[in-house]
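Residue 107 in full-length UniProt numbering sits at position 107 of the sequence shown, with consecutive numbering throughout.
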Amino acid sequence: MITAVDTNVLLDVFGADETFGPRSRSALEQSLGEGALVVSDAVWAETVAAFPDHKAATDAFARLGVGYSAPTHEAATRAGMAWRSYRAAGGPRTRVVADFVIGAHALVQADRLLTRDRGFYRRYFTDLTVLDPTA
């Protein structure tokens with residue numbers, strides 16, 4: 001079982017969020033016990049920004065057992081198509097392409113996505129299994 005992890009779950013843990021941190025950590029540990037944890041390039045970039053340097057970020061990912069998985073051509077294409085549909089339907093720019101890359105990466109290259117943003121991903125990636133650590 002491969003679980004793609006969204007930025008919000010990682011920042012809950014790395015930032016020691018009092019509200020979501022414990023549940024996000026528990027969900028990460030459970031998912032790791034069932035297989036592999038991976039992040040896309042978008043999640044990696046968003047999360048690394050919370051650390052003082054590359055080594056600190058890399059060490060933190062390693063401690064959690066999270067690996068890096070670049071999106072394939074298929075995942076990137078699906079992200080672009082989903083973004084186009086979103087914008088054509090009048091979707092505001094509050095969502096960026098990176099959100100669609102995260103969803104498409106999980107759909108194509110993982111078995112599920114661990115995120116607190118379940119509504120968005122369930123709406124735009126209907127075939128994606130979404131796990132919410134707060135549910």
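C-beta atoms are modelled at their ideal positions from N, C-alpha and C, and glycine is treated no differently.
Everything numeric in this text was worked out from a predicted model, so none of it was measured.
Span separating the alpha-carbon of residue i from that of residue j
| i | j | result |
| --- | --- | --- |
| V48 | D6 | 13 angstroms |
| L114 | P71 | 17 angstroms |
| G65 | A56 | 14 angstroms |
| F125 | S31 | 20 angstroms |
| G90 | V96 | 14 angstroms |
| A88 | E74 | 21 angstroms |
| P52 | A135 | 32 angstroms |
| V108 | E46 | 20 angstroms |
Residue from the options with nearest C-alpha to residue i
| i | options | result |
| --- | --- | --- |
| F100 | A79, A110 and Y86 | A79 |
| E34 | T58, M1 and F61 | M1 |
| T94 | T72, F120 and Q109 | F120 |
| T77 | A62, F14 and I102 | I102 |
| A104 | R123, G90, A88 and A89 | R123 |
| V13 | D53, A60 and E46 | A60 |
| A98 | D41, G15 and S26 | D41 |
Contact under 8 angstroms by Cβ, residue i with residue j
| i | j | result |
| --- | --- | --- |
| T68 | V39 | With the sequence shown as reference, residue 68 is identified as Tyr, and Thr is not the correct amino acid for it. Cβ atoms of Y68 and V39: closer than 8 angstroms. |
| P92 | S24 | no |
| T129 | D111 | yes |
| V9 | L28 | yes |
| A106 | A36 | no |
| A50 | L11 | yes |
Per DSSP, cross-strand counterpart(s) of residue i
| i | result |
| --- | --- |
| V48 | Answer by DSSP bridge pairing: none, since V48 is not bridged. |
| R118 | In the DSSP output, where bridge partners are listed per residue, R118 has none listed. |
Fill in: Inter-stretch contact (C-beta, 8 angstroms, three-pair minimum) for the stretch 81-97 and the stretch 13-26
no
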